[in-house]
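Letter 351 of the sequence shown, counting from 1, is numbered 351 in UniProt numbering, and no numbers are missing.
Virtual Cβ for every residue (Gly too), placed ideally from N, Cα, C.
None of the values given here were measured: they were computed from a predicted structure.
Taking it in order: structure first as structure tokens, then the write-up.
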Amino acid sequence: MMRSILKNASRSLSSVPRRKYSSVLPPGRKVVVLGAAGGIGQPLSLLMKLNPLVSSLSLYDIAGTPGVVADISHVSTRTEVVGYMGEENLGKALEGADLVIIPAGVPRKPGMTRDDLFNINAGIVKGLCTAIAKYCPHALVNVISNPVNSTVPIASEVFKKAGTYDERRLFGVTTLDVVRAKTFYAGKTKVGDAGISGGSINSYKAVNVPVVGGHAGITILPLFSQATPKANLSDEEIIALTKRTQDGGTEVVEAKAGKGSATLSMAYAGAIFADACLQGLNGVPNVVKCSFVQSNITELPFFASKVRLGKNGVEEVLGLGPVSDYEKQGLQALIPELKSSIEKGIKFANQS
Ligand SMILES: NC(=O)c1ccc[n+]([C@@H]2O[C@H](COP(=O)([O-])OP(=O)(O)OC[C@H]3O[C@@H](n4cnc5c(N)ncnc54)[C@H](O)[C@@H]3O)[C@@H](O)[C@H]2O)c1
């Protein structure tokens with residue numbers, strides 16, 4: 001009886017038309033999250049556990065990792081999760097990494113600027129990058145820890161000193177600025193709603209706004225003149241959207257009233273950017289995202305703009321494209337502040 005059921009089942013299965021799968025599966029990637037037990041680290045680690053491109057997820061923090069690992073490891077995806085706690089285990093956490101994401105450090109409290117975090121976070125990023133240079137010098141590095149305008153230059157100096165610097169592999173994560181600009185633009189113009197009434201819940205995905213410059217206050221410069229789909233906005237509306245994008249982080253810090261800064265939206269943004277990096281590593285063509293990278297599109301050594309991602313990280317830093325007079329003014333205004341944040345990071349890395 002049982003045999004005939006099995007026979008029938010196998011016959012009916014063999015009569016089902018087979019779907020064709022590509023014979024070349026993308027390689028499994030090892031992703032490391034440094035600061036994995038934090039406000040950003042936890043949801044970001046969960047999102048990386050859900051990413052089919054990740055086969056191995058290594059979660060590191062100075063405290064609290066075992067609980068996060070036990071929790072996330074029960075999520076039913078193929079990604080293997082391993083946790084490490086304490087500096088003595090940092091090397092093991094990093095070995096063999098394809099991509100390292102750094103959300104380690106302290107977040108802002110109301111009244112603080114990102115630069116106020118410098119004294120603590122600069123040292124944390126420096127220490128973690130020293131270990132990256134030693135244990136996984138070829139990994140792509142996504143720096144989330146603030147102030148990004150200074151922590152990315154710090155990372156570059158650490159890698160230069162160690163002789164491992166490859167400018168194509170170092171990224172400051174500015175994706176949250178793009179996510180905010182897209183959301184505020186779509187909310188104001190309703191351009192994202194067309195698809196919803198047409199039946200697609202993903203219509204916001206078609207909305208895009210490049211954000212250039214850096215990742216703090218006026219150094220965040222959304223280019224609404226290049227936003228797609230196009231919408232007619234007045235000058236006042238563009239000024240208001242620009243300001244809201246620049247102050248988006250502060251909006252969250254104030255609403256959380258001392259309990260931290262953006263964590264959930266940052267995890268979402270960090271996961272989008274990490275996924276783009278992995279797609280690039282896997283050879284997917286035309287993966288373009290904004291990021292704060294080594295750049296020569298302005299006089300500054302680091303600048304956020306659109307970059308094309310590839311098998312070695314940054315394949316091409318794309319130019320700014322046509323900008324409006326208002327954006328030109330914003331660009332001129334941000335240069336001195338961004339310059340001094342970059343110099344502060346370089347100085348710190350070489351003095352301490
Ligand atoms: N790039 C962005 O757009 C963006 C957005 C929001 C927040 N941030 C920044 O991200 C960072 C983290 O924010 P959060 O809200 O997750 O903070 P959090 O305090 O909740 O978490 C930080 C985690 O880092 C860990 N940590 C501290 N020192 C460490 C070290 N040496 N090695 C490993 N882990 C270490 C802590 O134990 C903690 O678990 C902050 O610097 C914040 O300003 C960046």
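Look at Asn350 here: in three-state DSSP terms it is helix. In this structure, Met48 has its CB at a distance of at least 7 Å from all heavy atoms of ligand 1. Sixteen is the threshold: since fewer than 16 other Cβ atoms of the shown chains lie within 10 Å of the Cβ of Arg78, the residue is exposed. For Val284 and Gly111, the gap between their C-alpha atoms comes out near 42 Å. Checking the 7 Å criterion, the Cβ of His74 is out of range of every heavy atom belonging to ligand 1.
Not one heavy atom of ligand 1 is found less than 7 Å from the C-beta of Tyr84. Ligand 1 has a heavy atom closer than 7 Å to the beta-carbon of Val106. In this structure, Ser56 has its CB at a distance of at least 7 Å from all heavy atoms of ligand 1. Relative to ligand 1, Met112 has its C-beta separated by 7 Å or more from all heavy atoms. Counting C-beta atoms within 10 angstroms of its own C-beta, Lys306 has 16 or more neighbours from the protein chains shown and is therefore classed as buried.
In this structure Glu327 is buried. Its beta-carbon is surrounded by 16 or more other beta-carbon atoms within 10 angstroms. The beta carbon of Val211 sits closer than 8 Å to those of Thr174, Asp177, Val178, Ala181, Ile220, Leu221, Pro222, Leu223, Thr245, Cys290 and Ala304, all from its chain and outside the five residues before and after it, given in chain order. Listed in chain order, the alpha helix (DSSP H) runs fully inside the stretch 156-239 are 175-189 and 193-197, counting runs of at least 4 residues. Around the C-beta of Glu95, fewer than 16 other C-beta atoms lie within 10 Å, and the residue is accordingly described as exposed. Taking all protein chains in view, the Cβ of Asn312 is surrounded by fewer than 16 other Cβ atoms within 10 Å, so the residue is classified as exposed. Note: Ile101 is bridge-paired with Val33 and Asn142 in the DSSP secondary-structure output. In terms of side-chain proximity, the C-beta atom of Ser261 is found nearer than 7 Å to a non-hydrogen atom of ligand 1.
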